[in-house]
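Everything below concerns the one structure shown next.
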Amino acid sequence: MLRSVVREGDATSHGGEVLAGEESLKILGKRVARIGDPVSCPKCGGNQTIIEGTPGVKCPDDQMVALEGMKTSCGATLIASQALFQVEDGGVSQFIAGYAETNTQTPTVAAAPQATAITENNARPVTPVFTKSCLRSEGCTDAGTNSEPVSNFGQTAFYQAAASVPVSAGGVTASGETGLAVMRFIGGTLASAGRWLVSTSPLGVGVMGILYSPKLNEGESDYLDSRLLETLAKQHGTAPTRVRFRWETDTNTGKLIPRGYHTSPDGGFDQVPVRMMTLNSATGHYEFWQPGENRPTILWTPNEQEFKVPSHTGNEEEPFIPSQITVLPLPDKVGSDIESLPMPEEKGFRDYILVFPADSGIKPIYVMFNTPRNQPGIVTGQGQKIEGNWLSSAGQGMGAPIPSQIADKLRGRTFNRFDDLREAIWQEVANDPEFSKQFKKLNQEDMKNGLSPYPPKSEQVGGRQKYEIHHVKFIKHGGDVYDLDNLRVITPKRHIEIHSNKEGK
1 MLRSVVREGD ATSHGGEVLA GEESLKILGK RVARIGDPVS CPKCGGNQTI
51 IEGTPGVKCP DDQMVALEGM KTSCGATLIA SQALFQVEDG GVSQFIAGYA
101 ETNTQTPTVA AAPQATAITE NNARPVTPVF TKSCLRSEGC TDAGTNSEPV
151 SNFGQTAFYQ AAASVPVSAG GVTASGETGL AVMRFIGGTL ASAGRWLVST
201 SPLGVGVMGI LYSPKLNEGE SDYLDSRLLE TLAKQHGTAP TRVRFRWETD
251 TNTGKLIPRG YHTSPDGGFD QVPVRMMTLN SATGHYEFWQ PGENRPTILW
301 TPNEQEFKVP SHTGNEEEPF IPSQITVLPL PDKVGSDIES LPMPEEKGFR
351 DYILVFPADS GIKPIYVMFN TPRNQPGIVT GQGQKIEGNW LSSAGQGMGA
401 PIPSQIADKL RGRTFNRFDD LREAIWQEVA NDPEFSKQFK KLNQEDMKNG
451 LSPYPPKSEQ VGGRQKYEIH HVKFIKHGGD VYDLDNLRVI TPKRHIEIHS
501 NKEGK
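Note that the UniProt record's numbering gives residue 355 to position 355 of the sequence shown, counting from 1, and the numbers run on in steps of one.
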């Protein structure tokens, strides 16, 4: 299929535009867009990056040229504004090929011959990803649909912070700074050099998982290379991956356990924030600052620096790390049988792709942290007195408040995780005669089982078909997880709108 070449200034399906291109290669006076070039995105906020290009055409800097229909890091589609210069999927038009070689003049419409493609292959464009399953052949980065071991994606390592700040023999904190703790290796197959440290702030990291993809930077076009990932990191962009992880509470043991999920573009879960690990020249640490923190979230140092790593973390409850972690399919539709699965905007994964400076020699890694949602808490808050149709405002503003009639039944109760409180909210709504009669019978049955009801179809988006609960003050900004006055019931459509220009929750 012939596709038009994208240029600087061309639009995207999110209402943005291509912001740069190859200076030495122009078509009709405009620079040719390449993989790695920035694009604006009003829908997502800030700038994103072109992550797809055609292998058949490369610019003088060896970057692949972007074509109509290819994607940016936030999933937007590129829209070409010209149709004179086109290439075949995997091939190149005669004019573009010749022009790319000579690269000496800006062509005009009159000088441009009709594009005739020389097809090298008819393979569809491949979306490069951070990692994919080894069961997918070269040229395919589709998400998996069956359960498979995490070893198909890469190597893992898991750590837990000590309960108190470790102290060296000299009486100085092991990190050399206050408010930091050394992380202890508790499982996995990846041996990490150096030492990991974490913040001991309320939003700090208690447990951490790392995934390293050995295929990264081996020159395979299926994988995002370090140079592109560094560009994304500096722009605070996102990158696609075919697996994501989160810490969950095992219902049988009550312990935290890492679980992985296949992620596809259609499901809306495949984009992971990409951030830099920056070198602090004063301490020698590489640091990552999570948004909303006033100190580094995690640090890595290549040297031992006389750290006293405890043989035990000091925590009575350590996570359970299975000998083999299974990556599970993430269903496209959110129904009663998968209600506990995550919603990225609100119940999202707390994960990042971390990129080290190019001169460090360290390859990018995927990390996932535990979230305050998985920590116990006591319910507070008064709620608001509700009369009439409770959820009439769920698609507007910040959503519908928790009724005081429901808050009175929940206040003071302790829950092990936020998901348990969410279930209790809907069960109390189902048990309240005044509120339950506002829902259809199917929704009433779901709520009795602790499941969210369905909003009108016009308020559903893709696989997100249930009412969601939103924290007005984001948890990462200090919002109380269990404060009912900080919670709103909201439709998926409105929830996406609220988060479209904000990062995380």
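C-beta: ideal position from N, C-alpha, C; glycine also. Just so you know, these numbers come straight off a predicted model, no measurement behind them.
Would you list, in sequence order, the uninterrupted beta strand (DSSP E) runs of no fewer than 3 residues that lie entirely inside the region 250-289? 256-262, 271-276 and 286-288
Do A66 and residue 542 count as a contact pair if the criterion is CB distance below 8 Å? Since the displayed the chain opens at 1 and closes at 505, residue 542 lies outside it and no answer follows.
Following the continuous beta strand (DSSP E) through P456, name the residue where it begins and the one where it ends. Where P456 is concerned, there is no enclosing beta strand (DSSP E), given that its DSSP letter is neither H nor E.
Buried or exposed for residue 517, please, with buried defined as at least 16 other CB atoms from any protein chain shown within 10 angstroms of its CB. Summary: the structure shown does not reach residue 517, with the chain confined to residues 1 through 505, and so no result is reported for it.
What's the C-alpha gap between R136 and A143? 9 Å
Return helix, strand or coil for V182, following the three-state DSSP convention. Residue state, collapsed to three classes: strand.
Delimiting residues of the alpha helix (DSSP H) encompassing E444: A small fix is needed here, since residue 444 is Gln in this sequence, not Glu. Start and end: K441 to K448.
Taking 8 Å as the threshold (C-beta atoms), are E8 and G21 in contact? yes
Closest to A407 by C-alpha separation, out of N416, E428, P258 and L391, would be which residue? Among N416, E428, P258 and L391, the Cα nearest to that of A407 is on E428.
Residue from A11, K437 and K466 whose Cα sits closest to the Cα of G450: It is K466.
According to DSSP, simplified to helix, strand and coil, what is S13? If DSSP states are grouped into helix, strand and coil, S13 belongs with coil.
Roughly how many whole angstroms lie between the Cα atoms of F288 and S436? 46 Å
Own chain residues within Cβ distance below 8 Å of N389, not counting five before or after: Q438
Taking the alpha carbon of E497 as the reference point, which residue from L197, N416, E459 and Q235 has its own alpha carbon closest? Among L197, N416, E459 and Q235, the Cα nearest to that of E497 is on E459.
Candidates D483, K363 and G462: closest to F418 by CA position: Answer by Cα proximity: D483.
Please report the residue range of the beta strand (DSSP E) in which R488 lies. L487 to I490
Could you please give me the residues that DSSP links to residue 508 through a beta bridge? The displayed coordinates of the chain run from 1 to 505. Any statement about residue 508 would go beyond what the structure contains.
Please return the same chain residues whose Cβ sits closer than 6 Å to the Cβ of L180, not counting the five positions on each side in sequence. Around L180, the same chain offers L197 as residues with beta carbons nearer than 6 Å, after the five sequence neighbours per side are excluded.
Out of K448, I469, M447 and K440, point me to the one whose CA is closest to P456's CA. Closest by alpha carbon: K440.
For E31, collect the residues of the same chain with a Cβ closer than 8 Å to its Cβ; drop the 5 residues on either side in sequence, then sort them by chain order. Reading off the sequence, residue 31 comes out as Arg, not Glu. So the list reads R7, E8, A20, G21, E22, E23 and L25, once near-sequence residues are dropped.
Name the residue from N152, A33, Y261 and R227 whose alpha carbon lies nearest to the alpha carbon of L354. R227
Whole angstroms is fine: what's the gap from F349's alpha carbon to F474's? 14 Å
Close-in-space but distant-in-sequence residues of the same chain around R275 (CB under 8 Å, 5 per side omitted): A233, H236, F288, Y352, I353, L354 and V355
Over the uninterrupted beta strand (DSSP E) stretch that includes F369, give me the two end residues. F369 -> beta strand (DSSP E) spans I365 to F369.
Residue from I257, R413, S4 and R184 with nearest C-alpha to V379: R413
Buried or exposed by the 16-neighbour rule on C-beta atoms within 10 Å, applied to S164: The predicted model places S164 with a pLDDT of 44, which falls under 50 and marks its position as unreliable; any figure quoted below should be read in that light. By the 10 Å Cβ count, S164 comes out exposed.
Endpoints, the beta strand (DSSP E) within which L211 is located: V207 to Y212
Status (buried if at least 16 other CB within 10 Å, exposed otherwise) for P113: Caution is warranted here: a pLDDT of 29 is assigned to P113, below 50, making its placement in the model unreliable, and no coordinate value can be reported.
Limits of the beta strand (DSSP E) - the one that residue 506 falls within: In the structure as shown, the chain begins at 1 and stops at 505. Residue 506 is therefore absent and cannot be evaluated.
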